[in-house]
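Okay, structure first, notes after.
Number of protein chains: 2
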Amino acid sequence: MTFKSDKNTILSKIDKSKKGKIDKPIKSLIKKINKNSNFYTTSSCSGRIVLLSKPSAKKQDINWLFKSHKKISFKQINSALSPLPNSPVWFRFEPLILHITAKNLKNAQYLINKSRAIGFKRSGIQSTKNKTAVEIASTEIISTIIADKGKLLISKNYLKRLIKEANKKLNTNKDKTKKFIHILQEQN
Amino acid sequence: MTFKSDKNTILSKIDKSKKGKIDKPIKSLIKKINKNSNFYTTSSCSGRIVLLSKPSAKKQDINWLFKSHKKISFKQINSALSPLPNSPVWFRFEPLILHITAKNLKNAQYLINKSRAIGFKRSGIQSTKNKTAVEIASTEIISTIIADKGKLLISKNYLKRLIKEANKKLNTNKDKTKKFIHILQEQN
Chain A
171 MTFKSDKNTI LSKIDKSKKG KIDKPIKSLI KKINKNSNFY TTSSCSGRIV
221 LLSKPSAKKQ DINWLFKSHK KISFKQINSA LSPLPNSPVW FRFEPLILHI
271 TAKNLKNAQY LINKSRAIGF KRSGIQSTKN KTAVEIASTE IISTIIADKG
321 KLLISKNYLK RLIKEANKKL NTNKDKTKKF IHILQEQN
Chain B
171 MTFKSDKNTI LSKIDKSKKG KIDKPIKSLI KKINKNSNFY TTSSCSGRIV
221 LLSKPSAKKQ DINWLFKSHK KISFKQINSA LSPLPNSPVW FRFEPLILHI
271 TAKNLKNAQY LINKSRAIGF KRSGIQSTKN KTAVEIASTE IISTIIADKG
321 KLLISKNYLK RLIKEANKKL NTNKDKTKKF IHILQEQN
């Protein structure tokens, strides 16, 4: 199959993500990428603040207590933590992540260079065989344990500070995402 | 220049990293990679626990209060935090990171596939032009603010828990690194 027919097939399929739709903050960006004849997206996350509990080390064992792609409040987090589960609970901020298929290696390289230049330092080509698949990612993560055995390990004040830091990073992430739109404009 | 002569030039140069030498826990791994005729390393970190203070958002503004590639103790961290700086202090665990140049795209793809399969999920090809450069990385990060304005934001007990979690991740990282050696054995 050609890149173009692959693209049409993929983009006409039902969204298979748990959420079933694209995160609101990056809807226009995803649309823009998919309008570009050299690229199409296969999965994406605009950046998010999450609370997850891990009954074991296995990935499939994760319970999501909370997920937000927007700024969060102490009230929201506090209510997501009541009642606390017995297993360890982690607070995480995860920045924008995009999976993009490129028409060819040259387009993929262009995307990687530009993405790294605007701060998506952990961007790379993950597949070169049947498809040229690129992952755009960065390192500005917050990730820390906050509760275990049904008890909070931190003070309410520190939880408030974590929320503040995560909201700040969500904002920086938004600014970086805006720069991403310009990359595509240059290429068109 | 050919891959082979590039490799000889790079490997004969003086180590330009701040530390000036390869991290002890991965010395034998790096040696093994460089013995393989399809690859050579350009930079590496075995995985580390760090304390850093950030007077501003700029990367060059980071002050390193503490760095360790081995398990850490409360005593070590406590003394690295005395006296506390005025700027925000972050506690971080960062897993193994390798920058490897591959002979060609096929070798690079092999490395990416195998690395992702053993848990280095954020691995990708970063350059395909003059050199085929691969970054091997993963997502098991701990990263959280612990002090600001000269004051600790967390309790000593929570700091002890963070140390425990970081030491645990350092151990998991070590096990994953061992698997990495097998990848190269398969390829030889």
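Protein chains in written order, with the numbering used here: chain A, 171 to 358; chain B, 171 to 358.
Note that beta-carbon positions come from the ideal geometry of N, C-alpha and C, so glycine has one too.
Note that the structure is predicted; figures quoted are calculated from it, not measured.
Beta-carbon proximity check, residue i vs residue j, cutoff 9 Å
{"i": "A336 (chain A)", "j": "I242 (chain A)", "result": "yes"}
{"i": "T347 (chain A)", "j": "I196 (chain A)", "result": "yes"}
{"i": "A307 (chain B)", "j": "P265 (chain B)", "result": "yes"}
{"i": "I315 (chain B)", "j": "V259 (chain B)", "result": "yes"}
{"i": "T302 (chain B)", "j": "L275 (chain B)", "result": "yes"}
{"i": "F244 (chain B)", "j": "I333 (chain B)", "result": "yes"}
{"i": "N277 (chain B)", "j": "E310 (chain B)", "result": "no"}
{"i": "S207 (chain B)", "j": "K273 (chain B)", "result": "yes"}
{"i": "K186 (chain A)", "j": "H239 (chain A)", "result": "no"}
{"i": "L340 (chain B)", "j": "I192 (chain B)", "result": "no"}
Nearest-angstrom Cα separation, counted from residue j out to residue i
{"i": "S198 (chain B)", "j": "K183 (chain B)", "result": "19 Å"}
{"i": "I203 (chain A)", "j": "R292 (chain A)", "result": "19 Å"}
{"i": "K177 (chain A)", "j": "Y210 (chain A)", "result": "6 Å"}
{"i": "N327 (chain B)", "j": "Q296 (chain A)", "result": "41 Å"}
{"i": "N283 (chain B)", "j": "K338 (chain A)", "result": "35 Å"}
{"i": "L235 (chain B)", "j": "G217 (chain A)", "result": "29 Å"}
{"i": "K188 (chain A)", "j": "C215 (chain A)", "result": "12 Å"}
{"i": "I180 (chain A)", "j": "L329 (chain A)", "result": "41 Å"}
{"i": "R262 (chain A)", "j": "T172 (chain B)", "result": "44 Å"}
{"i": "A227 (chain B)", "j": "D345 (chain A)", "result": "14 Å"}
{"i": "S325 (chain A)", "j": "R331 (chain B)", "result": "14 Å"}
{"i": "D318 (chain B)", "j": "K205 (chain B)", "result": "46 Å"}
{"i": "G190 (chain A)", "j": "L323 (chain B)", "result": "39 Å"}
Any chain B beta carbon closer than 9 Å to residue i
{"i": "V304 (chain A)", "result": "yes"}
{"i": "I242 (chain A)", "result": "no"}
{"i": "N327 (chain A)", "result": "yes"}
{"i": "I247 (chain A)", "result": "no"}
{"i": "S223 (chain A)", "result": "no"}
{"i": "T172 (chain A)", "result": "no"}
{"i": "L340 (chain A)", "result": "no"}
{"i": "L354 (chain A)", "result": "no"}
{"i": "L266 (chain A)", "result": "no"}
{"i": "L332 (chain A)", "result": "yes"}
{"i": "T179 (chain A)", "result": "no"}
Below-9 Å beta-carbon distance, residue i vs any chain A residue
{"i": "I219 (chain B)", "result": "no"}
{"i": "D231 (chain B)", "result": "no"}
{"i": "T347 (chain B)", "result": "no"}
{"i": "T211 (chain B)", "result": "no"}
{"i": "A250 (chain B)", "result": "no"}
Anticipated Cβ contact below 8 Å, residue i with residue j, distance rounded
{"i": "T298 (chain A)", "j": "Q279 (chain B)", "result": "5 Å"}
{"i": "E305 (chain B)", "j": "G294 (chain B)", "result": "6 Å"}
{"i": "P225 (chain B)", "j": "S257 (chain B)", "result": "4 Å"}
{"i": "S252 (chain A)", "j": "I353 (chain A)", "result": "The Cβ separation is near 43 Å, so there is no contact."}
{"i": "A250 (chain A)", "j": "L221 (chain A)", "result": "5 Å"}
message: Closer than 8 Å between beta carbons: that is the criterion. Which residues of the region 271-302 of chain B meet it against chain A?
response: From the region 271-302 of chain B, only L275, A278, Q279, I282, R286, R292, S293, G294, I295, Q296, S297, T298, K299 have a Cβ closer than 8 Å to chain A.
- request: Taking a Cβ distance cut-off of 7 Å, strictly less, list which residues of the region 312-324 of chain B are near chain A, in chain order.
  value: Look at the region 312-324 of chain B: the residues with a C-beta under 7 Å from a C-beta of chain A are I312, S313, T314, I315, L323, I324.
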